[in-house]
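Engineer: So the sequence shown is numbered by UniProt numbering: it starts at 1 and just counts up by one. Beta carbons are placed, not taken as given, at the ideal position from N, Cα and C, and that holds for glycine.
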Amino acid sequence: MGDREPTIIAFVCNWCTYTAADLAGTSRLVQPPNVRMIRMMCTGMIDTKYVIKALLEGADAVLISGCHPGDCHYINGNLKARRRVRLLKEILPRFGIDERRLKMTWIGASEGIDFANTVKELVAEIKQLGLNDLRQKMIL
Ligand code: FES
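1. Apart from the five residues on each side of it in sequence, which residues of its chain come closer than 6 Å, Cβ to Cβ, to valine 35?
2. Classify methionine 40: buried if its beta carbon has 16 or more other beta carbons within 10 angstroms, exposed otherwise.
3. Do the segment 44-62 and the segment 91-105 touch if we need at least three Cβ pairs shorter than 8 Å?
4. Assign isoleucine 64 to one of three DSSP states: helix, strand, or coil.
5. Would alanine 81 be called buried (16 or more neighbouring beta carbons within 10 Å of its own) or exposed?
6. DSSP three-state call for leucine 92: helix, strand or coil?
7. Leaving out the 5 sequence neighbours to the left and right, which residues in its chain are closer than 7 Å to glutamate 79 when beta-carbon positions are compared?
8. Go ahead and label isoleucine 97 buried or exposed: buried means 16 or more other beta carbons lie within 10 angstroms of its beta carbon, across all protein chains shown.
9. By the three-class DSSP mapping on this structure, what secondary structure does isoleucine 97 have?
10. To which residues of the same chain is glycine 5 closer than 6 Å at the C-beta, ignoring the five residues directly before and after it?
11. Is the beta carbon of isoleucine 113 less than 8 Å from the beta carbon of leucine 29?
12. Under a three-way DSSP split, which group does isoleucine 75 fall into?
13. Just to confirm my understanding: we take leucine 88, look at its own chain, exclude 5 residues before and 5 after, and list those with CB closer than 7 Å. What are they?
14. By the DSSP assignment, the alpha helix (DSSP H) with alanine 54 in it spans what residues?
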């Protein structure tokens with residue numbers, strides 16, 4: 001894997017997962033520093049282009065995480081995001097991207113431990129999978 005640590009772009013919902021990540025931090029839960037958070041008002045705002053662009057530009061994984069079903073503050077944005085994730089998992093291999101580089105979870109505001117564990121598991125999975133070498137290929 002070399003010296004480089006995996007970089008994970010996390011698109012998270014303001015109301016649930018962002019708050020859980022904040023809770024994980026204030027609770028001083030140990031978690032790898034590999035995640036770059038992008039706070040959205042709802043996972044339903046996440047365009048498929050954001051995910052493809054992040055992976056094509058060298059992110060090693062993308063995490064999408066929001067409210068549990070039934071808890072979305074915008075009624076069903078999280079379910080729309082889930083449909084997009086299913087579509088992306090079909091499309092990503094056409095770009096030469098392993099679909100395991102995209103993960104979706106539901107993490108509620110009080111679930112700081114779940115957030116920290118999700119990050120740990122995802123970093124371990126990506127280290128096993130290897131770094132995304134698309135950035136290197138795009139430059140050449
Ligand atoms: S408001 Fe959290 S996923 Fe919609």
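Structural biologist: The relevant details are as follows:
1. Ile8, Ala10 and Val119
2. Here methionine 40 is buried. Its C-beta has 16 or more other C-beta atoms within 10 Å.
3. Three or more Cβ pairs closer than 8 Å define a contact, and the segment 44-62 meets that threshold against the segment 91-105.
4. strand
5. So alanine 81 counts as buried.
6. helix
7. One detail in the question is off: residue 79 reads as leucine in this sequence, not glutamate. Within the same chain, leucine 79 has close Cβ partners Pro69.
8. Isoleucine 97 is classed as buried because its beta carbon has at least 16 other beta carbons within 10 Å across all chains shown.
9. coil
10. Rather than glycine, the amino acid found at residue 5 in this sequence is glutamate. Closer than 6 Å at the Cβ level, and outside the excluded window around glutamate 5, lie Asn34.
11. yes
12. coil
13. Shown here for leucine 88: same chain residues with a beta carbon closer than 7 Å to its own, the five before and five after excluded, namely Thr48, Val51 and Leu102 in chain order.
14. 48-56
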